[in-house]
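Protein chains in written order, with the numbering used here: chain A, 4 to 286; chain B, 7 to 457.
Down below is the structure, laid out as structure tokens.
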Amino acid sequence: MLPQPAERGILTVKKMLKGNLADLPLPELLQTLATSSRGGLLAIRAPGLEGRVGFRAQRIVMAKAGGLAGADALRLLAGLRQGTFAFGPSELEEENLAASLAEALTGVLEALEAFRPLTALPEDWSRVLQKSGRRQEFELALPELQLYTEAEGKTVAEALAAPGEVLERARTLNRLLARGVLVARVVRSVAPVTLVALPYYGPVTGLAYVDRALYQRWSERLGAPFRLRVRAPRGGEATFRVEPRDAIPERVMLHDRELRKLRAARGTRLKVVPEVEDGSIKP
Amino acid sequence: MDLLSLNALVNRYVWGPEMMLVFLLVGLYLTVRSGFVQFARIGVILRETLGAIRERALGAGGEITPFQATMVALGATMGQGNLIGVTAALLAGGPGAIFWMWVAGIVGMATKFAEATLAVHYRRRFADGSVSGGPMYYLSRGLPRGLAWLGGLYALLAALAAFGIGNLTQSSAMAASLKAAFAIPPGLTGLFVALVVAFILGGGIRRIAGFAQTLVPLMVLVFLVAGVAELVVYAGRLGGAVAAIFQGAFGAPAVAGGLGGYALAQALKAGVGRGIFSNEAGLGSAAIAHAQAQVDHPVRQGFWGVIEVFLDTLVVNTLMALILLASGVLPQATGAAQAFVAAWNLPSGEAIAAVILALFVFTTLVSWGFYGEEAASFLLGEGIRWPYRITYVVVAFVGALGGFETVTAIADTLNGLMAIPNLLGLLLLGGAVARLVRGFFRGEPWQPPQG
């Protein structure tokens with residue numbers, strides 16, 4: 004999880020220049036700021052990622068993004084295709100780049116070119132990576148397998164900012180996404196709600212029914228198929244497939260046997276939260 | 007043949023053994039069609055009803071909670087019949103009558119289950135969100151077009167019978183009891199009853215439900231506490247009382263041959279009669295209250311119908327019978343009312359008996375007022391509600407003054423006649439009950455009938 008902007012001091016930057024990376028790409032922006040002979044801090048904010056670049060005496064002296072620092076951070080920031088920036092005078096807490104301006108800009112340009120063909124990577128790096136769930140066999144090389152096991156539930160930005168060579172990770176992730184081994188889903192969190200248990204009976208188990216209006220709201224909010232995590236007051240917890248049903252406002256219908264497994268009964272107040280299928284949204 | 011003789015003749019049939027047999031056969035038929043619901047689903051029924059008693063309303067159609075609807079129904083069901091009626095059954099049929107009362111009550115559970123289920127399934131929902139249901143609706147909406155008039159007939163009988171079974175009988179019994187115990191003038195009792203009933207009925211089903219959900223459990227609690235205290239007093243004779251019920255069920259063992267057969271017949275007749283009529287399963291009246299419940303599926307309210315019979319017949323009637331048997335007052339009894347009062351061998355026993363009787367009859371009076379009003383509005387539209395309420399309240403006042411034996415006798419016959427269209431409807435709608443039960447236990451959502 005990224006630290007909050009306030010923790011990082013970005014909001015304390017006295018803004019003098021601000022704009023959008025779509026209008027002014029990172030290499031031009033860095034060159035412009037470095038050659039303007041003004042020292043200060045460039046704060047970059049993109050979906051799922053925040054970064055900072057420090058300038059002093061016409062040089063780039065510091066870069067941080069995600070958990071990365073120095074040249075790796077600059078290469079990661081070069082992959083951003085959307086985001087906003089703000090530049091202002093600020094004290095730099097440290098220096099982690101010793102390269103000349105030309106060397107730094109060359110590195111950024113090379114990274115930019117390396118990212119360009121990686122079209123399976125989404126522009127929105129806040130998307131959450133999930134196993135596709137397709138019943139299909141994949142042959143994975145070792146780095147792919149490693150990333151595949153690590154990436155589940157992380158955002159694209161988190162997966163790219165993990166320790167290791169940024170561009171190599173970006174290429175590996177791009178392959179996994181292109182082959183459909185992983186999918187990058189838009190995820191919005193939904194607050195848990197308390198619903199009253201109502202049992203249903205019959206042969207079908209593993210299913211939860213919620214009122215049609217609530218189901219509709221969740222569908223619109225999550226934009227993907229979801230399951231329902233149910234927590235009972237006495238500690239029982241389970242996930243269920245979920246379907247809408249008419250005329251059961253403020254209720255969640257669970258199979259009688261499963262309700263009893265949760266040590267709950269008709270009338271018990273259950274905490275429920277929808278989770279994108281195969282995902283791991285935390286309430 | 008004059009009107010009274012004709013009434014007496016019809017009355018003998020509608021409350022007689024032939025009709026009892028019809029009640030039992032329809033109950034057995036519904037037991038089969040519902041998949042022996044009162045036996046096979048007893049665990050589900052208990053979890054869905056008494057196990058969820060603190061649950062709030064579901065908000066899925068209907069006006070009141072399932073529990074409130076059941077309390078309104080129980081308020082009507084529990085009346086003199088549970089107290090003086092049980093006493094009369096024991097006097098007529100001996101201790102064995104109680105065994106047959108249980109048997110008839112268990113069969114009646116399926117009948118009441120079907121009534122409550124059908125009441126919700128065929129109820130009407132109006133533009134203002136209110137609902138109306140009961141036998142008049144399931145008969146008119148569920149039966150083939152040629153028989154839909156049975157709904158109107160039922161409504162007519164119920165609207166008129168409410169003045170007798172629900173009103174005159176109850177207010178006069180209450181006035182007589184309070185006069186005997188506390189020397190309260192009947193006119194004063196009548197005035198008090200009329201004012202309170204007017205206030206409650208004036209608030210519609212929500213106020214009636216609010217009243218019933220407080221007073222009916224309180225009434226049952228008072229009865230249970232006093233009854234258990236009474237049994238503690240008679241603890242030494244309790245075993246003998248229970249043994250007498252089982253021994254008497256198949257004829258008195260000491261009596262051989264024809265006399266034994268006569269005793270068995272008497273026990274059967276008195277016991278089955280109490281088991282059928284005390285809980286009103288088959289009369290259809292309670293279905294009018296059950297129709298008001300907020301439930302997602304009619305079968306869920308049907309479960310409350312089973313519990314209603316359980317509380318009425320198996321709990322309250324049984325406790326009353328044990329008190330009477332253990333007290334030993336029956337052999338010297340000069341009448342049911344006298345024996346009922348004499349059985350309460352507690353300090354202020356007569357006062358306790360009077361208060362319990364007053365509570366039982368008062369709740370009956372209120373619930374039957376609602377039943378009659380619903381039946382009248384089915385026939386004549388919403389505009390009849392206030393005129394009906396005012397008439398009902400006036401009758402409650404004059405009923406306390408006594409002297410309406412002829413009217414009461416006719417109303418009693420009309421009350422018995424209500425069972426005929428209702429039982430016929432239940433017989434013809436057994437398939438609908440079976441489908442609803444099957445759908446519910448397959449987890450299928452309820453599909454209300456169209457039109």
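A virtual CB, placed ideally from N, CA and C, is assigned to each residue, including glycine.
Closer than 8 Å at the beta carbon, the chain B residues around residue i
i: Ala268(A); result: Arg53, Gly57 and Ala58
Chain-ordered chain A contacts of residue i [CB-CB under 7 Å]
i: Pro451(B); result: Arg248 and Asp249
Test: residue i CB closer than 9 Å to a CB of chain B
i: Leu201(A); result: yes
i: Val207(A); result: yes
i: Asp26(A); result: no
i: Tyr204(A); result: yes
i: Arg174(A); result: no
i: Arg244(A); result: no
i: Arg260(A); result: no
i: Val254(A); result: Reading off the sequence, residue 254(A) comes out as Arg, not Val. Yes, contact with chain B.
Any C-beta of chain A under 9 Å from that of residue i
i: Val50(B); result: yes
i: Glu61(B); result: yes
i: Pro259(B); result: Note that Pro259(B) scores 49 on pLDDT, short of 50, meaning its location in the model is unreliable; the coordinates nonetheless yield the value given after this. Judged by the 9 Å Cβ criterion, Pro259(B) is not in contact with chain A.
i: Gly264(B); result: Bear in mind that the predicted position of Gly264(B) carries a pLDDT of just 49, short of 50, making it unreliable; the figure below should be weighed with that in mind. No, Gly264(B) does not count as interfacial toward chain A.
Of the residues the options, the one placed nearest residue i, counting alpha carbons only
i: Ala211(A); options: Ala181(A), Val275(A) and Glu171(A); result: Val275(A)
i: Leu429(B); options: Leu289(B), Thr319(B) and Gly85(B); result: Leu289(B)
i: Leu34(B); options: Pro101(B), Ile112(B), Ala417(B) and Leu435(B); result: Ile112(B)
i: Leu29(A); options: Val131(A), Leu104(A) and Arg84(A); result: Arg84(A)
i: Glu314(B); options: Ala167(B), Ser40(B), Ile51(B) and Val28(B); result: Ile51(B)
i: Pro72(B); options: Val404(B), Leu420(B), Leu56(B) and Trp106(B); result: Leu56(B)
i: Trp106(B); options: Phe205(B), Ala273(B) and Ala342(B); result: Ala273(B)
i: Ser138(B); options: Asn421(B), Phe384(B) and Phe410(B); result: Phe384(B)
i: Gly81(B); options: Glu24(B), Ala110(B), Glu69(B) and Gln176(B); result: Gln176(B)
i: Ala249(B); options: Asp318(B), Leu159(B), Arg213(B) and Ala332(B); result: Ala332(B)
i: Thr119(B); options: Ala357(B), Gly216(B), Thr76(B) and Met142(B); result: In the sequence as presented, Thr is not what sits at residue 119(B); that position holds Phe. Per the Cα distances, Thr76(B).
i: Val193(A); options: Ala173(A), Ala187(A), Glu171(A) and Leu217(A); result: Leu217(A)
i: Ala179(B); options: Ala364(B), Ile416(B) and Phe446(B); result: Ala364(B)
i: Gly1(A); options: Leu33(A), Arg62(A) and Leu80(A); result: No answer is possible for residue 1(A): it lies beyond the span of chain A, which begins at 4 and ends at 286.
i: Ile251(A); options: Phe90(A), Tyr203(A) and Val279(A); result: Tyr203(A)
i: Val207(A); options: Leu121(A), Leu257(A), Arg55(A) and Leu24(A); result: Leu257(A)
i: Pro451(B); options: Leu317(B), Ala342(B) and His303(B); result: His303(B)
i: Phe229(B); options: Val335(B), Asn88(B) and Val439(B); result: Asn88(B)
i: Asp214(A); options: Gly183(A), Gly238(A), Val189(A) and Arg254(A); result: Arg254(A)
i: Leu225(A); options: Val279(A), Asn177(A), Arg182(A) and Arg232(A); result: Val279(A)
i: Ala241(A); options: Glu261(A), Phe229(A) and Leu185(A); result: Glu261(A)
i: Met25(B); options: Ala440(B), Met424(B), Pro454(B) and Val443(B); result: Met424(B)
i: Leu227(B); options: Ala58(B), Gln453(B), Gly378(B) and Val361(B); result: Val361(B)
i: Gly99(B); options: Phe256(B), Thr117(B) and Met225(B); result: Phe256(B)
Interface flag, residue i vs chain D, CB-CB below 9 Å
i: Val137(B); result: Absent from the structure is chain D; the protein chains it does hold are A and B.
Residue i CB to nearest heavy atom of the ligand FMN below 8 Å
i: Arg62(A); result: Judged by which ligands are present, the structure shown has none, so any question about the ligand FMN falls away.
By the 8 Å beta-carbon criterion, what residues does the stretch 272-288 of chain B contribute toward chain A? none
Can you confirm whether the stretch 166-176 of chain A touches the stretch 212-228 of chain A when touching is taken to mean that 3 or more C-beta pairs between the two stretches lie within less than 8 Å? no
Anything in the stretch 220-241 of chain A with a Cβ closer than 9 Å to a Cβ of chain B? List those residues in chain order, please. So nothing in the stretch comes that close.
Which residues, in chain order, does the stretch 422-451 of chain B contribute to contact with chain A at a C-beta distance below 8 Å? Listed by position along the chain: Phe446, Phe447, Arg448, Gly449, Glu450 and Pro451.
Counting pairs of Cβ atoms below 8 Å between the stretch 148-167 of chain A and the stretch 193-213 of chain A, do you hit three or more? Result no; under three Cβ-Cβ pairs closer than 8 Å.
Can you find at least 3 beta carbon pairs, one from the stretch 270-290 of chain B and one from the stretch 370-384 of chain B, that sit closer than 8 Å? no
Can you confirm whether the stretch 119-132 of chain A touches the stretch 96-110 of chain A when touching is taken to mean that 3 or more C-beta pairs between the two stretches lie within less than 8 Å? no
Between the stretch 103-112 of chain A and the stretch 136-154 of chain A, are three or more C-beta pairs nearer than 8 Å? no
Is the stretch 260-272 of chain A touching the stretch 12-20 of chain B in the sense that three or more CB pairs, one from each, lie closer than 8 Å? no
Contact between the stretch 344-364 of chain B and the stretch 120-140 of chain B is defined here as three or more beta-carbon pairs at a separation below 8 Å; is this criterion met? Segments in contact, no.
Does the pairing of the stretch 398-410 of chain B with the stretch 191-209 of chain B give three or more beta-carbon distances under 8 Å? yes
Report yes or no: do the stretch 440-452 of chain B and the stretch 180-191 of chain B share at least 3 C-beta pairs separated by less than 8 Å? no
Given 8 Å, three or more beta-carbon pairs between the stretch 140-153 of chain B and the stretch 409-419 of chain B: no
Are the stretch 151-158 of chain A and the stretch 53-65 of chain A touching, with three or more C-beta to C-beta distances below 8 Å? no
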